[in-house]
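Comments concern the structure below.
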Amino acid sequence: MHTPYPTERSRAIGERVEAFVRDVVTQYEQDPRCGSHGPSDELMHEMRAQARAQGVLTPHILADGDHLSQLETAAVLKRSGISPLGPVALNTMAPDEGNMYLLGKVASAEQKTLFLDPLVSGHARSAFFMTEPALEGGAGSDPGMLMTSATPQGDGWVINGRKMFITGADGAEVGIVMARTSEANDPKTRATMFLVKLPNPAVRTERVIDTIDSSMPGGHAVVMLDNLYVPNAHVLGQVHEGFHYAQVRLSPARLSHCMRWFGSTARAHEIASRYATHRKAFGKPLIDHEGVGFMLADNLIDLQQAALMIDWCAKIIDEGSLATAESSMTKVAVSEALFRVADRCVQVMGGLGVSGDTIVEQVFREIRAFRIYDGPTEVHKWSLAKKIKRETLLKEQA
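Quick note, in this note's numbering, the sequence shown goes up one by one and the last residue is 398.
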């Protein structure tokens with residue numbers, strides 16, 4: 001499944017990225033270093049060395065430091081996702097891609113040298129410390145429930161709290177920590193983002209959680225922050241502006257998830273289509289049975305609609321909007337459509353579809369997790385319903 005390139009430079013980059021993923025990265029998909037908590041750092045660096053040698057590492061950031069437009073990024077990241085390992089090999093994976101975007105927008109020159117450059121070069125991984133344990137009442141889909149606190153001390157801050165589902169924390173070298181900086185008696189929660197060099201003895205991984213997805217290095221960890229000291233020089237942006245910066249990161253990061261997993265799901269559709277074309281049952285190829293052929297036709301429709309939603313939202317971000325509502329709509333539409341596609345691919349392939357012999361089974365698991373990551377479908381719909389109510393009441397009052 002292909003979508004058009006918006007510019008000549010995105011075409012040139014995208015074609016090189018796709019060739020690298022298909023020719024090189026797919027050869028690693030059965031590598032024993034791909035574990036239940038993601039590919040090992042050894043494997044990541046091995047693939048990145050090849051990407052670096054072929055000039056496709058971190059393809060969405062240009063040699064002069066400029067970032068491709070979101071529409072161009074979509075054309076490139078869709079192709080990086082053709083293999084679940086593609087974003088890891090190319091340095092377009094979450095959370096690093098979103099963290100690089102945020103640091104590029106907000107970090108000071110000194111902070112970019114310390115924290116952004118190692119990420120852009122592909123030599124380091126990062127983690128975004130936001131989500132907290134749900135059963136302890138911490139922040140999740142509702143960031144206002146943030147419990148991790150940062151207290152001023154001397155020329156810096158001391159942070160205490162517990163984080164959960166922190167992607168890539170185990171083995172990360174750069175951390176962005178979200179902590180509450182409002183007073184305990186302040187009814188309005190205010191937050192600040194802090195930059196942390198890792199490992200740090202005050203940042204302790206308690207465990208890496210077993211989850212159904214397995215494409216992200218380091219997995220998803222429970223992390224204790226125990227009297228973590230951060231100097232004022234490592235405050236990202238301004239104190240109390242953490243939620244605002246989260247909005248800067250939010251829509252592009254949501255959209256990047258859509259881009260990458262679009263590529264993986266399109267590849268699963270390719271595999272299922274080949275299987276249905278060559279596998280025969282009851283005297284003819286499976287694809288000639290309407291029950292199978294129509295599923296693949298529905299896949300094609302869902303993939304095209306998903307591609308158009310991604311490009312639509314990317315264009316709105318490029319026009320200068322935060323695109324909060326548009327990215328919610330896109331995240332819901334794309335994650336649900338891609339899940340339908342992945343589910344049909346499994347069904348078309350039968351027993352082979354639930355085996356590890358192809359990536360179809362993994363793509364199905366990854367897309368199921370995607371329906372939760374960066375906000376469950378229901379939270380986005382709730383937010384959109386509030387917007388509809390607010391706008392309806394305003395029209396009535398006008």
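For every residue, glycine included, the Cβ atom is placed at its ideal position computed from N, Cα and C.
Item to check | C-alpha distance - V106 paired with G237, whole-angstrom precision | outcome: Position 106 of the sequence shown, counted from the first residue, corresponds to residue 106. Position 237 of the sequence shown, counted from the first residue, corresponds to residue 237. Roughly 6 Å separates the two Cα atoms.
Checklist entry - For T26, which of helix, strand or coil comes out of DSSP? => result Stepping through the sequence shown from its first residue, residue 26 is reached at position 26. Note: T26 maps to helix in three-state DSSP.
Next on the checklist: Below 8 Å on the Cβ atoms is my contact criterion, and I expect A169 with T192 to pass it. Report the Cβ-Cβ distance as a whole number of Å.
Outcome noted: Indexing the sequence shown from 1 puts residue 169 at position 169. Indexing the sequence shown from 1 puts residue 192 at position 192. The Cβ separation is near 19 Å, so there is no contact.
Item to check | Buried or exposed by the 16-neighbour rule on C-beta atoms within 10 Å, applied to K163 | outcome: One-based indexing of the sequence shown puts residue 163 at position 163. Answer is buried; the Cβ neighbour count reaches 16.
Checklist entry - If we ignore side chains and look at the alpha-carbon of each, how far apart do M100 and L255 end up? => result Reading the sequence shown from its first residue, position 100 is the one you call residue 100. Reading the sequence shown from its first residue, position 255 is the one you call residue 255. Cα to Cα, M100 sits roughly 15 Å from L255.
Item to check | F194 versus L384: straight-line alpha-carbon distance, rounded | outcome: Looking up residue 194 in the sequence shown gives position 194. Looking up residue 384 in the sequence shown gives position 384. Whole-angstrom Cα-Cα distance: 30 Å.
Checklist entry - Going by alpha carbons, who is nearest to T3 out of K197, T151, P95 and I301? => result Position 3 of the sequence shown, counting from 1, holds the residue named residue 3. It is I301 whose Cα lies nearest to the Cα of T3.
Checklist entry - So, helix, strand or coil for Y245, using DSSP? => result The sequence position of residue 245 within the sequence shown is 245, counting from 1. Correct three-state label for Y245: helix.
Next on the checklist: Nearest by alpha-carbon distance to E366: which of T324, W312, D64 and S335 is it?
Outcome noted: Within the sequence shown, residue 366 is the residue found at index 366, counting from 1. The shortest Cα separation from E366 among T324, W312, D64 and S335 belongs to S335.
Item to check | G419 and G38 closer than 8 Å at C-beta | outcome: No statement about residue 419 is possible, as the shown extent of the chain runs from 1 to 398 and does not include it.
Next on the checklist: What does the Cβ neighbour count give for S355, buried or exposed, with the cut at 16 atoms within 10 Å?
Outcome noted: By one-based count along the sequence shown, residue 355 stands at place 355. S355 comes out exposed.
Next on the checklist: Distance check for S264 and L85, CA to CA, integer angstroms please.
Outcome noted: Taking the first residue of the sequence shown as 1, we reach residue 85 at position 85. Taking the first residue of the sequence shown as 1, we reach residue 264 at position 264. Roughly 9 Å separates the two Cα atoms.
Item to check | Closest residue to S215 among E136, R260 and I388 (Cα-Cα distance) | outcome: Working through the sequence shown from its first residue, we reach residue 215 at position 215. Nearest option by C-alpha distance: R260.
Next on the checklist: Rounded to whole angstroms, what is the Cα-Cα separation between G98 and A281?
Outcome noted: Translated into the one-based positions of the sequence shown, residue 98 becomes position 98. Translated into the one-based positions of the sequence shown, residue 281 becomes position 281. G98 and A281: Cα-Cα distance of roughly 46 Å.
Checklist entry - Is the beta carbon of I209 less than 8 Å from the beta carbon of R267? => result Sequence index remark: in the sequence shown, residue 209 carries index 209 (1-based). Sequence index remark: in the sequence shown, residue 267 carries index 267 (1-based). For I209 and R267, no; Cβs fall outside 8 Å.
Item to check | Assigned secondary structure, K188 (DSSP; H/G/I helix, E/B strand, else coil) | outcome: In the sequence shown, counting from the first residue as 1, residue 188 sits at position 188. DSSP places K188 in coil when its eight states are reduced to three.
Checklist entry - Which residues in the same chain have their Cβ closer than 7 Å to the Cβ of D374, if we skip the five residues on either side of it in sequence? => result In the sequence shown, counting from the first residue as 1, residue 374 sits at position 374. Same-chain partners within the cutoff: A253, R254, H257 and K331.
Item to check | Residue environment, K78, which counts as buried when at least 16 other CB atoms sit within 10 Å | outcome: Translated into positions along the sequence shown, residue 78 becomes position 78. Buried, by the Cβ-count rule.
Next on the checklist: Quick check on R390: buried or exposed, where buried means 16 or more other Cβ atoms within 10 Å of its Cβ?
Outcome noted: In the sequence shown, residue 390 corresponds to position 390, counting from 1. R390 should be labelled exposed.
Checklist entry - Exposed or buried, what is H123 when buried is set at 16 or more other beta-carbons lying within 10 Å of its beta-carbon? => result Translated into positions along the sequence shown, residue 123 becomes position 123. Exposed: under 16 other Cβ atoms inside 10 Å.
Item to check | Cβ shell of A127 (< 7 Å), same chain only, five flanking positions each side left out | outcome: As a first step, residue 127 is located in the sequence shown; it is residue number 127 there, counting from the start. The residues are P95, I166, T167, G168, A169, A172 and G175.
Checklist entry - Where does D374 sit, in a helix, a strand or coil, going by DSSP? => result Along the sequence shown, one-based indexing puts residue 374 at 374. DSSP places D374 in coil when its eight states are reduced to three.
Item to check | A75 vs G14 beta-carbon contact at 8 Å | outcome: Translated into the one-based positions of the sequence shown, residue 75 becomes position 75. Translated into the one-based positions of the sequence shown, residue 14 becomes position 14. Closer than 8 Å, so yes.
Checklist entry - Can you tell me whether DSSP reads Y5 as helix, strand or coil? => result Translated into the one-based positions of the sequence shown, residue 5 becomes position 5. Three-state result, Y5: coil.
Checklist entry - Under the DSSP definition of a beta bridge, which residues are partnered with L228? => result Your numbering for residue 228 matches position 228 in the sequence shown. Looking at the DSSP assignment, L228 forms a beta bridge with I159.
Next on the checklist: When you compare the CB positions of R207 and V196, do they come within less than 8 Å of one another, or not?
Outcome noted: Translated into positions along the sequence shown, residue 207 becomes position 207. Translated into positions along the sequence shown, residue 196 becomes position 196. No. Outside cutoff.
Next on the checklist: Using the Cβ count rule (16 or more neighbours within 10 Å means buried), how would you classify A234?
Outcome noted: One-based indexing of the sequence shown puts residue 234 at position 234. For clarity, residue 234 is His in the given sequence; the question names Ala instead. Buried: at least 16 other Cβ atoms inside 10 Å.
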